[in-house]
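Heads up: the sequence shown at position 391 corresponds to 386 in our numbering, and the numbers run straight through without jumps.
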Amino acid sequence: MSHQITARRFAAATVLACAGVLVVLRGRLGLSYITAHPVAYAMLTAGVLLGELLPVTIPRRGDEQITVSTSFSLAVLVLGGLGPALLSQLVASLAQDLAVRKAWWRIRFNFGQYGLSLAAASAAITAFTVMPNPDAGRPFSGADVPIILLGAAAFVVVNAGVVGAAVAMYQGTPLGRYFRKDVGFTAVSGGVLLCLAPIVAAAAAYSSALIPLFVLPMTAIYRAGRQAARSEHAAHHDQLTGLPNRIAFHDTVNAVLEDESRPASVLLMDLNRFKEVNDTLGHRYGDELLRRIAERLRASVGDEHALARLGGDEFAVFTQVSGEAALEFARRVGDDLRTSFELGDFVVETDASVGVASFPDDGRDLETLLQKADVAMYRAKETHASVAAYDERHDHNSPAKLALTADLRQAVETDQIVVWYQPLLDLGTGRVTGVEALVRWQHPDLGLLLPGAFLDMAEHTSLIKPLTQKVLDLAMGQIVQWRQMGVEVSVAVNVSTRMLIDPGFAARVRQALTVYEIPPRLLRLEVTESALMADPVVARAVLTELDEGGVEISIDDFGTGYSSLAYLADLPVSEVKIDRGFVSRMEVGSSAAVIVRSTIDLGHHLGLRVVAEGVEEIETLEQLRDLGCDVAQGYGISRPMTVQDTTQWLRRSRSPGEEGGAPVISIVEAA
Ligand code: C2E
Ligand code: CA
Ligand code: CA
């Protein structure tokens, strides 16, 4: 807002300055040329008018325009002096301004700006020669040409200066940066039109019949200019949405970052589930959605911040605020995108994840900032938050993490990766029927690492594949060993998203079962809801293939995602594990208890076995048994243990006399 006020004050000052100058130059405002050469004057004025009505808008600078009218108004200046030139320019620009319904203050500003420019040209010319010279046979001599060009240059400089200052103020761009940006372009486009001015003047002085001949060359210049402006626009804008593209965003942001050391932020956002829309409704709807999103963003972001579409469903915003203010802004933009759009007969719900990186803390150039914002954006997606700021701890590219990645690569190849096991207690029989395999990393310097310390990193690199393969191998080897010892327990292995959307995964698992000669029912795979949602089509195919091979699938951490049990039960799934977040807060009467109870009931109705994880207290165990829960897992039964400890524990829980072993509940109570 304040920018606009500054711009309007500047416009008013321009008008005043122009009035002052004209008062000083009032002696030169004679209009005798018009009465002496009415036809030539009318034709030249028509040229000015045509030029004004068909301007070429310079795409990169708001609504600044160049027009071929300059050649004609300067020709009038040369032939008839300041008065007639002002008059044709004023008539033409008034006609144009009214045609596009410009505001009055801008119409007045245009008068002022042209008045000043023409006065400057006139002053420059008359400083060196007598012109127009009514006594001379010809309006000017060859020696006058450089002087005319000087006058034309004065016109362009004053005009570009005054208009540029006003536009820069209106946009809030620092003047220095604004003018540096494309001096070259202004000089070339202005220069061409200036050089034509003396030629138009000479032709008009020779015969007014020559003036219409300029229509063709001027049209050519006009069209070339428009074409150049268009390709300039195309190079810097995204065709689909009309927003600035990556190149334009780079130019704008880097210019600001070089100039100023004020804090600033880059927001990177990406629609959640855009791919789904594109895949299910088709590209036509996908494109339409992107256009609508772009419109919404333009309104939401406003003029003060730079907005761009970087590609696909990825948009970026540059804002000169940082810290909490930037997050607040990001949240607002994110909220504006959490909405629905009607596309033909469909209603599409959208929401976006926004990552924020700040200058100078997170990076000093746009490349780095975008990269950091990308890390933050993924963090936002992972945590289902709409907005996240960059945090080195979540950056898998930070130096410490990079070193750990290299270590992990080695670890998978050597025997640093080990598996611990945690018993699963059957609440109906009180016996342990299975264990869950939990990966551990015996790091040479850092000691025993829990999955929380390295899984994320493995997920973000290709290491998750060999790591999962390693755990599967170790687990299957263990099933074989336990069977040889007469202990038959099933082993559940956790499978991450990446594996589940790998179409070859199921075949590898089935092959390994054959090689190890393991009955498939002894292997269980735990997958999370979010893994299933990542690519539902492939995930379903992989699960179906595993199911056909006899491998049971368990839904891990149930209740933390967004899927319904009914949806999951429609997949070849045999078990659901209620997340420990609910189980640990199950005091009688709590909402967690209600959720656990209804999950158990619904799970049973859907034919699923229900497991409660995170059982720490004996009371919880009893509560779960009363609710009919099938299986329990948790520190209250046993913590995860090394292979050796697990083997002992399993043996202890089976007294030799009874077939199948003694109930474990007594062990729990004894512990
Ligand atoms: P999860 O699948 O939910 O595994 C259970 C986690 O809860 C284990 O942590 C276990 O130690 C812990 N836990 C068990 N009982 C209790 C309890 O009573 N109270 C509390 N507070 N915690 C309990 P861990 O071993 O650190 O594993 C964390 C997660 O890492 C696992 O969560 C699983 O998502 C993932 N993970 C573990 N091993 C693998 C693996 O081999 N591959 C993949 N892809 N992910 C794995
Ligand atoms: Ca698990
Ligand atoms: Ca779990």
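Cβ coordinates follow ideal geometry from the N, Cα and C atoms, glycine included. Note that this is a predicted model, so its numbers are computed, not measured.
DSSP three-state assignment for residue i, whether helix, strand or coil
i	result
Ala380	coil
His(-2)	helix
Gln417	strand
Ile143	helix
Phe341	strand
Gly425	coil
Arg3	helix
Phe209	helix
Gln628	coil
Met636	strand
Leu122	The question names Leu, yet the displayed sequence has Ala at residue 122. Here Ala122 sits in coil by DSSP.
Arg646	helix
Val95	coil
Pro79	helix
Glu512	coil
Phe174	helix
Tyr385	coil
Ala665	Per-residue confidence for Ala665 stands at a pLDDT of 39, beneath the threshold of 50, marking its modelled position as unreliable; no derived number is given.
Gly46	helix
Leu403	helix
Ile670	In this structure the chain extends from -4 to 666, so residue 670 is not present and cannot be described.
Ile459	helix
Closest by C-alpha distance to residue i, when choosing among the options
i	options	result
Leu211	Ala453, Val589, Leu20 and Leu45	Leu45
Leu235	Ala289, Leu616 and Arg374	Ala289
Phe667	His278, Ala406 and Asp468	The structure shown does not extend to residue 667, since the chain spans only -4 to 666, so no value can be given for it.
Ser569	Leu619, Gly602, Ile590 and Arg304	Gly602
Ala534	Leu170, Gly499 and Leu518	Gly499
Arg575	Asp274, Ile590 and Asp440	Ile590
Glu608	Arg101, Leu518 and Ile573	Ile573
Leu69	Pro193, Leu538 and Leu11	Pro193
Ala6	Val605, Glu454 and Val162	Val162
Ala301	Pro33, Val248 and Ser112	Val248
Ser256	Thr1, Asp356, Ser64 and Gln437	Asp356
Pro207	Thr40, Cys13, Val583 and Thr615	Thr40
Thr168	Leu144, Asp254, His231 and Arg3	Asp254
Arg133	Ala199, Leu188, Asn154 and Leu20	Ala199
Asp298	Asn267, Asn273, Glu344 and Leu238	Leu238
Asp340	Leu276, Asp390 and Thr62	Leu276
Glu454	Arg620, Leu495 and Thr424	Leu495
Ser83	Thr62, Gly107, His232 and Gly42	Gly42
Ser485	Gln479, Leu85, Ile242 and Ile474	Ile474
Ser184	Ala197, Arg327, Arg4 and Met213	Met213
Ala502	Glu543, Trp644 and Leu527	Glu543
Ala224	Leu305, Gln437, Thr539 and Thr62	Thr62
Leu263	Gly306, Thr345 and Leu77	Gly306
Asp410	Leu469, Arg592 and Ala80	Leu469
Arg327	Ala294, Gly358, Val342 and Arg519	Ala294
Ile29	Gly78, Ala2 and Val430	Gly78
Cys190	Ser64, Ser586, Ile459 and Tyr416	Ser64
Pro127	Gln108, Val140 and Gly75	Gly75
Residues that residue i bridges to, as DSSP identifies them
i	result
Phe354	Ala259
Gln479	Paired residue(s): none; Gln479 is not in a bridge.
Gln411	Its beta-bridge partners do not exist; DSSP assigns none.
Gln437	Leu443
Thr334	Thr345
Ser485	Gly429
Task: Cβ contact check for the segment 333 to 351 and the segment 363 to 379: 3 or more pairs under 8 Å - done: yes
Task: Uninterrupted beta strand (DSSP E) stretches inside the segment 220 to 281 (no shorter than 3 residues) - done: 259 to 266
- [ ] Could you tell me whether the segment 326 to 346 touches the segment 369 to 387, using the rule of 3 or more Cβ pairs below 8 Å?
- [x] yes
Open item on the list: Quick test of the definition: if touching needs 3 or more C-beta pairs under 8 Å, does the segment 548 to 555 touch the segment 499 to 516?
Closed with: no
Open item on the list: Which complete beta strand (DSSP E) runs does the segment 563 to 614 hold, if anything under 3 residues is left out?
Closed with: 570 to 573 and 604 to 607
TODO: Flag this pair as touching only if the segment 118 to 126 and the segment 141 to 154 have three or more C-beta atom pairs under 8 Å; answer yes or no.
DONE: yes
Open item on the list: Within 8 Å, do at least three Cβ pairs link the segment 212 to 221 to the segment 271 to 285?
Closed with: no
- [ ] Return the chain-ordered ranges of every beta strand (DSSP E) run that is complete within the segment 280 to 315 and spans a minimum of 3 residues.
- [x] 301 to 306 and 309 to 314
- [ ] Note down, one range per segment and in chain order, each alpha helix (DSSP H) of at least 4 residues found wholly within the segment 519 to 562.
- [x] 524 to 529 and 531 to 543
Task: Three or more C-beta pairs below 8 Å linking the segment 551 to 563 and the segment 519 to 528 - done: yes
- [ ] Specify whether the segment 417 to 432 and the segment 625 to 645 touch according to this definition: at least 3 beta carbon pairs, one from each stretch, less than 8 Å apart.
- [x] yes
Open item on the list: Any contact between the segment 309 to 327 and the segment 9 to 20? By contact I mean 3 or more CB pairs, one from each, below 8 Å.
Closed with: no
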